[in-house]
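Residue numbers (full-length UniProt numbering): 1 to 917.
The beta-carbon is built from N, C-alpha and C at its ideal position, and this holds for glycine as well.
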């Protein structure tokens, strides 16, 4: 029987329904919500420049507006919401969000509706507070307890900071709190009336919320795991209730399976359907996806090509497994090894990707032709190809021994056992080169056997005869037995950052797979060269092919795989990253932004943070003590109050643990903001501990304890508010606020006296007219130097090799346009150090009156153009150009919404309608 103490410990009143609160509570909830609104929306326009990962998520909104495909490691729901708000507020997508500190209201591509975009995050952050209050009440905790929990969330600096910016954490926390509330409401209805209308409503709401939280970030999978574990406990209890027939237990199982598995997956799938429908144009993210995926994007298609590949065909060969692209050569030699011409993978279409396919000579073949003086003809390429242009087509089949001749340089694909590759110097790896010279007709090291790995089920011939886009092949070197191979290893600057190609004696099979993307042959072209062409075409069933368009399901699966792989690959260190061990004790924050003697630094409210961590430790200790007492025969579990608080705290502890502990297993780049969902549960846990500890007090003393906690939280919040709101601060106050040496916010940046701010720049820069924008100096708005500068976190598109990203050989016109601008920019930049590269590319008039876009490149052949574009930097004259901007060509180039985007590629596979090979 409960004792008097335990009866005092029980909450004063149960919640009279899942979503119902007493009428007298409504003013409390309204005041709490209004307070949260003021705290999160106050001075929302400050600062008026890009902050931390607004670089990424604002940039994604720009890409949504322009419908340019991009790749990110996070699902699209929150990004879609931000983009929708930006579009509804009139954003045209011109602003690129490329660097921290760039002004939203200053420039020709401004203003940007950044306040509206931040307002979305702020409002979702506001709603988290009443949801926490309602959750605590649905858990049958006191009004005072719910108020304490709500206020602690309201005045938590890290949560406020994240909810005031164009970031994903506020939507993530909103849907996490919504899911938690919906589930607790469902549990109340489960006890009141199973399978009633409210029961179904809250179960369905839980499922929809689960789908939404998983569609914001994959951290939402931890929320799904939390609810899934609770569901298993519920079903296990139903199974053990012998009063229920099995048919009733089955109904419970099917209802939960429908609402908590099918519905969340449908929501998740729907967000990607919208995502792919909007991003239907070629963009920066193409490089991550397979060729088949890329060719579903507008601006990235290619003309149909001949299906047949034969001796004498001119082909382009693509690597199947990596993002490297086409087998490629150019007139640059390896600096070491054999010193012969480089063979690489190049991610863009280019005439240097074209190879002739000829048969390897046999011992009984006639000697090569000579001229009238007995000198061998200077080139075997055109001569050898010419003999395949008449007569019967000789199809390329499995096991055929061939040579591949680089069309531009007339050199053969070559390998030898005497030299190792330039980067991968393992004994089982051989160098691959393009080798030959006038009058030399090759040797046995030029010979390769074609092995068909598999064909496409839609083309029965493709498993025995090499077919463009349908046959997956390997190339085995005849003499050494090694296989043509490539992997994600980039060559140094002398190789233009392109991907290494080797000949591997023990290759991983995926990295030794290739396919023919394009094929042309004189006998297949109706150009009048062959009088018997129509009959030949009919006889050989000549037809054209293109990439098979993958289904939505195939693209969805591929996108998930690429997101997973890219997410796991974010292992580079960041100046402000941290490990999970540092999070519960708030060991370090993140410098988000520093400018104009103001700073935004992500740091939590130390009082709230440490108190919530302590509450978790208190629960662990209390639970361990109860288990020890039970082992000694004590009957604490017979007390309903103990059971109640253990179940309530246990649920919240499960949420905390499942949102925190999995990060210990991750080796990727992590930040303190990854702890925020776990922090939410620990703050609710703190409220439960408060409820337990004050349950023995009279209401008056309980209110006094609550007021003391609330007062301390608000006071500490106010201390660090300048770092939250980019407010004014003094150096002395900053130093006094530094409680740990690892809190590396920059106190030197703040003045000694608050009055000094009257002479500094404003926190919100006003809109300037276009005429003033052209001459606006960035000196007054550049980020201030500091020990560690604010840097955005790494995201997907940054993982594309930088030089490969800046390659511009998408099409000859694109190359010429970018290189023209590069060549013209150099003298202009030297003469006018403040001239912006973006202005140059927009056709700005130079001092001599010429327009850059009309200046032709002089002294650059195709190889020179390729070298300039691959380096990605416009050359700037050294004299007098110390302040001239050195921007990437591709970054500076204007965006044509109707033109195809960059063409990076990643060969995951070529696909059928329903699968991706």
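If the five residues before and after residue 605 are omitted, its C-beta is found closer than 6 Å to the C-beta atoms of 156, 157, 716 and 717, all from its own chain and listed in chain order.
In the structure shown, the three-state DSSP call for residue 123 is helix. By the Cβ test, the stretch 571 to 590 is not in contact with the stretch 25 to 35, since fewer than three Cβ pairs between them sit closer than 8 Å.
Note that the stretch 314 to 329 touches the stretch 344 to 362; at least 3 beta-carbon pairs, one per stretch, sit closer than 8 Å. Rounded to the nearest whole angstrom, the CA to CA distance from residue 519 to residue 387 is 17 Å. In the DSSP assignment, residue 704 falls within the alpha helix (DSSP H) that extends over 699 to 725. In the DSSP secondary-structure assignment, residue 465 is bridged to 397.
Under the three-pair Cβ rule at 8 Å, the stretch 194 to 210 does not count as touching the stretch 149 to 169. Following the DSSP letters along the chain, one finds residue 503 inside the beta strand (DSSP E) bounded by residues 499 to 504.
Between the stretch 172 to 182 and the stretch 613 to 630, the count of C-beta pairs closer than 8 Å stays below three; the two stretches do not touch. Secondary structure note for residue 163: its alpha helix (DSSP H) is the uninterrupted segment 157 to 163. DSSP, reduced to helix, strand and coil, places residue 353 within a helical segment of the structure shown. Residues of the same chain with a CB within less than 8 Å of the CB of residue 654, apart from the 5 flanking positions on each side, are 226, 229 and 230 in chain order. Judged by their CB atoms, residue 416 and residue 447 are not nearer to each other than the 7 Å cut-off. Taking C-alpha positions only, residue 748 is separated from residue 731 by approximately 6 Å. Distance from residue 347 to residue 323 at the Cβ level is roughly 7 Å; contact confirmed, criterion being Cβ atoms closer than 8 Å. DSSP places residue 25 in no beta strand (DSSP E); its state is neither H nor E. Collapsing the DSSP output to three states places residue 244 in coil. In the DSSP assignment, residue 448 is bridged to 402 and 477. Membership of residue 66 in the alpha helix (DSSP H) is indicated by the continuous run 54 to 66. Taking a C-beta distance under 7 Å as the contact criterion, residue 411 and residue 434 qualify as a contact pair. Between residue 648 and residue 139, the C-beta spacing is below 7 Å.
For residue 315, DSSP records a beta bridge to 355 and 519. Put simply, of 275, 501 and 422 the residue whose alpha carbon is nearest the alpha carbon of residue 328 is 501. Taken through DSSP and simplified to helix, strand or coil, residue 387 comes out as coil.
Of all C-beta pairs linking the stretch 243 to 261 to the stretch 676 to 686, fewer than three are shorter than 8 Å, placing the two stretches out of contact. The closest CA to that of residue 308, considering only 666, 742 and 544, is found on 544. Annotation: the continuous beta strand (DSSP E) that includes residue 593 extends over 590 to 595. Following the DSSP letters along the chain, one finds residue 307 in no alpha helix (DSSP H), marked with neither H nor E. Comparing alpha carbon positions, the residue from 44, 114 and 663 closest to residue 102 is 114. Three or more Cβ pairs closer than 8 Å define a contact, and the stretch 254 to 269 falls short of that threshold against the stretch 47 to 57.
Excluding the 5 residues flanking it on each side, residue 432 has same chain C-beta neighbours closer than 8 Å at 343, 413, 414, 415, 421, 484, 501, 502 and 503, in chain order. The shortest C-alpha to C-alpha distance from residue 182 to any of 212, 26 and 631 is the one to 212. Taking the Cα positions, residue 400 is about 14 Å away from residue 462. The count of Cβ pairs closer than 8 Å, one atom from the stretch 618 to 629 and one from the stretch 700 to 709, stays below three, leaving the stretches out of contact. The continuous beta strand (DSSP E) containing residue 431 extends over residues 429 to 435.
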